[in-house]
Every structure is written in C-alpha cells, then in structure tokens.
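Beneath this line is the structure, given in structure tokens, with notes to follow.
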Amino acid sequence: MNETAPLTVDVVSDVMCPWCFIGKRRLETALKSVPQLNVEVRWHPFQLDATLPKSGKDRQQYLNDKFGGAANAASVYERIREAGAQEGIPFAFEDIKLSPNTLDCHRLVLWSRADNVQSDVVERLFKAYFLDGEDLTQAETLVRISEEAGMESDLVEQLLETETDLDKTEAQIAKAQESGISGVPCFIIDGRFVLAGAERAETIAAALMHAEETRSDPDAS
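The sequence shown maps to residues -8 to 212 in the working numbering.
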C-alpha cells in the first residue's frame, strides 16, 4: 500500500531560452540512464525578458539590443548551435522572426499539467520556436499545439482570450526570482538539490541518484 512517491524534478525554464531546450534533452538522457527511478518532472515559468511587449519584438532588433550587434549575437549563438547539435537539436535561429513575450506560453504549460502532458507541450513549444520559426505570440499557434498534445483546444482558445491564470503565472515567476533563480534552466531535485544551467546528462543523473539515496523515510520515527 505504501508506494514510494516519485522523485520530483522541478524545471524552471523559458520557452525562448535555447539552453532550456538543450537542458530538456540532457534531462531526458539522464532519465533514460536511471530507469530504476520513479521520477516526476514538473515545469515552471521564467521570463528571460519580461519587458518584451505582448506582440513580441523583431528578432534582429532584439539581438542587436541584447548583444550590441549582429556579429556578437552570431558568436554567442554559434556556441549554442554546436551544443544543440550534440543533443540532436538542429537549431534554426535564422528562421526566427520575432522574439516573443512568453507569458501565454507559460499559461499553456500551466494548463497542460492537468492533462499530464506538460513535457509534451514544452517540447512542442521549443520545436515550434527554435526549429520552425513560428510566432509564439499568436493564439492560433498555441491552440494548435494544445490540440496536438491532446488538450481541449477549444477551451484553451477561450482561456487565451482572457487573463485567466496570468496573475498566477507572474507570481510564480516572481517567486522563482525571489528564491535566487536568475538564469535558466534550473533543475530542483526533490526540493533539496539545485542544478543551475544546462548541466551534462551525467551530472543530472548523478544528482538524481544522490537525491534518491538520501531521501528521508516518511514512515521513520
């Protein structure tokens, strides 16, 4: 009767963060290497740039403002492209036209938890943005992704027209910042161990094993 609760991995990320996509791949590789563990992955919101307007910002302008010019941006993203290739992610940065405000994306991820498809929705958002250059500020893009993931897309479409859970999402982002998270991805394992950044799969796996081995027994006196 006393089935052990799953080991939790809370991932704080932003869907416009390429290192978060890489971190997701490395987490998946880590999980495959420790199949004996019962792990529950939960996704939480963060915004790399909360100042972006709801309609997003021209990608080139965004990169120029952030990195001080196209050359600097190209240098930074080349390293990310190489890291992605090692994880099987063919980043198509050149196809991205708009840097989005990701609050609506995070609302979709929040709603997807009820259907137990969070990781699938996060994956589809990453692919839509980084591989297909889609506009994540468009409701129809998010509605289509929700439908593909098996959610009630009609309900999602209605909710996106409202401010439902907007305050909750912003509060979760503020809580992450207040807890000291200043960059993503951030992996919180069993509520006790924090891995900041897209750590190697071996490092994540070792942290999972250590967390499992040091878990307290809820039935112990």
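Positions of the beta carbon are idealized from the N, C-alpha and C atoms, including for glycine. Note that the coordinates shown come from a computational prediction; the quantities given were computed from them, not determined experimentally.
Coarse secondary structure for L54, derived from DSSP in three states: helix
Cα-Cα separation between V108 and G141, rounded to whole angstroms: 8 Å
D158 - containing alpha helix (DSSP H), residue span: 157 to 169
Meets three-Cβ-pair contact criterion under 8 Å: the segment 22 to 36 and the segment -3 to 4: Counting C-beta pairs with one atom in each stretch, the segment 22 to 36 and the segment -3 to 4 have three or more that are closer than 8 Å, which means they touch.
Residues near R50 by beta carbon distance below 7 Å, same chain, minus five either side: I87, K88, L89, S90
Residue burial classification, N92 (beta-carbon count within 10 angstroms, cutoff 16): buried
Local Cβ density within 10 Å of T(-5), reported as buried at 16 or more and exposed below that: exposed
Extent of the continuous beta strand (DSSP E) to which V30 belongs: Note, V30: beta strand (DSSP E), 30 to 36.
M200 versus E73: straight-line alpha-carbon distance, rounded: 29 Å
Any 3 or more C-beta pairs closer than 8 Å across the segment 184 to 194 and the segment 3 to 21: yes
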